[in-house]
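Structure first, commentary second.
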């Protein structure tokens, strides 16, 4: 009799242990519905239903957590409106290609500006002998330029900030973004694209990266505040959209060119006249265009 009691007690403990070994990270639904219409003791019947769903340690049910996760994924901001959690070299490279295209376009537009603004004469803006002009300008510089104060102390810090925010959005810290801005403004712009037209500038070599880092961090913080505010500035979505664009033009333009249709975009720097298109070159020559072996252009291929 004692052996039977002990065995029964052990079995009861084992059953209780299994009963309380619940995984609180999983959902358990236990529903009880009482149908009073078939109960002969209807006077003592309750229409209440009971539902048991275990709570997680963080205080939310599994279904609520799943709902929050789905909401977070559905409302995740595009890359140009958020900062990466880690260094994203691919995204930084893509933005660098966009900066390359915008820089070439900027130089092209500057050739149409009056000489009083750019300080470029007709010889500087000509595409003839680009290689020799770049070599001469680099060998003569850097010099103290006489550009307008607006260009030197407003536009150059702004573009330095644009370089800086491109790196910050790609997940790089403040110092790394400063190094990226310095590299782009010095070797890519002053001793690269702009050196085809003018001698590198002492002010630009200092003002663009150093002041640009300060301006860029302010731009980034303002951008994040506007984003957290639902993309509105002073209660206006239009003003918010315009502000966000000028705070991060490279990110927006990169998104429009690539992510807008979700396919691949290929950007190449071409040195062969007419992008090696023989038919186009022949047509141009037949129309009276002079032959030139000096050419630099940006070729963009959109793959749908």
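Residue numbers (mature numbering (1 follows the signal peptide of the UniProt record, and there is no 0)): -21 to -1, 1 to 283. Note that beta-carbon positions come from the ideal geometry of N, C-alpha and C, so glycine has one too.
The DSSP-derived three-state label of residue 221 is helix.
Residue 207 counts as exposed, since fewer than 16 other C-beta atoms from the protein chains shown sit within 10 angstroms of its C-beta. When the beta-carbon positions are compared, residue 71 and residue 149 come within less than 8 Å of each other.
Around the beta-carbon of residue 84, fewer than 16 other beta-carbon atoms lie within 10 Å, marking it exposed.
Taking the CA atoms as reference points, residue 131 sits about 9 Å from residue 124. Here residue 194 is buried: its Cβ has 16 or more other Cβ atoms, across all protein chains shown, within 10 Å. Residue state for residue 186 is assigned as helix, using DSSP reduced to three classes. Judged by DSSP in its simplified three-state form, residue 212 adopts strand. Residue pairing by DSSP places residue 122 opposite 180 in a beta bridge.
Taking 8 Å as the cut-off, the Cβ atoms of residue 174 and residue 235 do not count as close. Relative to residue 169, the option among 137, 120, 215, 229 whose CA is nearest is 120.
In the DSSP annotation of this structure, residue 67 is not part of any alpha helix (DSSP H), being labelled neither H nor E.
The count of Cβ pairs closer than 8 Å, one atom from the region 195 to 204 and one from the region 139 to 159, reaches three, so the stretches are in contact. Burial is judged here by how many other beta carbons sit within 10 angstroms of a residue's own beta carbon; residue 259 has fewer than 16 and is exposed. A residue is called buried once 16 or more other Cβ atoms fall within 10 Å of its Cβ, and residue 228 is buried on that count. Ranked by Cα distance from residue 186, the first of 115, 219, 136, 176 is 136. Going by C-alpha positions, residue 171 is about 8 Å away from residue 165.
Across the structure, residue 268 and residue 110 are spaced so that their CA atoms are roughly 21 Å apart.
Residue state for residue 261 is assigned as helix, using DSSP reduced to three classes.
Going by DSSP, residue 236 is part of no alpha helix (DSSP H) at all; its letter is neither H nor E. Proximity to residue 117 across 65, 154, 61, 180 peaks at 180, based on C-alpha coordinates.
Sixteen is the threshold: since fewer than 16 other Cβ atoms of the shown chains lie within 10 Å of the Cβ of residue 217, the residue is exposed. Selection 233, 178, 65, 214 evaluated against residue 122 yields 178 as nearest (Cα-Cα). If you draw a 10 Å sphere on the C-beta of residue 266, you find fewer than 16 other C-beta atoms in it, and that means exposed. In the three-state reduction of the DSSP assignment, residue 152 falls in the coil class. Here residue 57 is exposed. Its C-beta has fewer than 16 other C-beta atoms within 10 Å. Going by C-alpha positions, residue 68 is about 15 Å away from residue 162.
Taking the Cα of residue 64 as reference, the smallest distance to any Cα among 261, 230, 73, 147 is reached at 147. Rounded to the nearest whole angstrom, the C-alpha separation of residue 262 and residue 80 is 26 Å. Excluding five sequence positions before and after residue 151, the CB atoms of its chain that fall closer than 8 Å to its own CB belong to 66, 71, 159, given in chain order.
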